Amino acid sequence: MLAKALLAEVDAYVAAFADERDEHGHRLVVRNGYH
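What follows is the structure, encoded as structure tokens:
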């Protein structure tokens, strides 16, 4: 139950910063292992 809540919070955080990009067009906020 805690793991599901944590995953939902992480997904929401990453989604909130999905439009943030560096000068090369790479996302600034990604999940570990997702680049």
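Heads up: the sequence shown begins at 338 in this note's numbering, then just goes up one per residue. By construction, the Cβ of each residue, glycine as well, lies at the ideal position given by its N, Cα and C atoms. Given the structure is predicted, the values throughout are model-derived calculations rather than measurements.
- A straight-line Cα-Cα distance of about 15 angstroms links F354 and A345.
- The beta carbon of D359 sits closer than 8 angstroms to those of L365, all from its chain and outside the five residues before and after it, given in chain order.
- Per DSSP, the continuous alpha helix (DSSP H) segment holding A342 begins and ends at L339 to A353.
- DSSP, read as helix, strand or coil, puts R358 in strand.
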